[in-house]
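In this note's numbering, the protein residues as written are 9 to 204. C-beta atoms are modelled at their ideal positions from N, C-alpha and C, and glycine is treated no differently.
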């Protein structure tokens, strides 16, 4: 059984390696984010227009969903909030792993304006690290990544437990291992108490 656990421990680490890299880069990137209140969206990098003539019998919520469907945007959920701008055009914001999309339905022109605010690599990885199978965009690439994220999370938990077993089964008296384990456990407990 020990040999099997050793192999499974190693394969769990290899399978979840990509997720570890994404989570690590995201964590390091979060350290360098602007302080609260100082965040600004990325500048508009592209503007696209899509022809669309909406039926006249829709309320703003239903119209926003139809505009979203007609826009062809992927990796985003339909909007749950929309508002009218100063020119009475319906507008809403969508967030995708690739960046923010400011969508405006220009009713008098019968077209949709999509302003693209592209994410940098850190923003893309930050959006991807939070993906799961039940939350997030319904597109299949996002769902596949979400399933992978969930699998990698379980693999990480499995790796932690098998790592403890492998340590205790081979070197239970190693002083540095006990000091590391005790120090890390004490640090987590102290942080838990301090943040309550």
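How is residue 40 classed by DSSP in three states: helix, strand or coil?
coil
Could you tell me which whole beta strand (DSSP E) segments of length 3 or greater appear in the segment 39 to 70?
54 to 59
Have a look at 57, 134, 180 and flag the residue whose alpha-carbon is nearest the alpha-carbon of residue 32.
134
Boundaries of the alpha helix (DSSP H) in which residue 187 is found, first to last residue:
Residues 183 to 202.
Take every Cβ of the segment 37 to 51, pair it with every Cβ of the segment 174 to 190, and state whether three or more of those distances are shorter than 8 Å.
Segments in contact, no.
Quick check: the segment 66 to 86 against the segment 140 to 157, are at least 3 beta-carbon pairs closer than 8 Å?
yes
Residue span of the alpha helix (DSSP H) that contains residue 151, given as start and end:
Annotation for residue 151: the continuous alpha helix (DSSP H) segment containing it runs 148 to 178.
Cβ-Cβ separation, residue 197 to residue 113 (assumed contact under 8 Å), whole Å
So it is not a contact: roughly 53 Å between Cβ atoms.
Are the CB atoms of residue 139 and residue 128 nearer to each other than 7 Å?
no
Please list, in chain order, all residues of the same chain as residue 167 whose beta carbon is under 8 Å from its beta carbon, the five residues on each side excluded.
So the qualifying residues of the chain are 17, 20, 21, 24.
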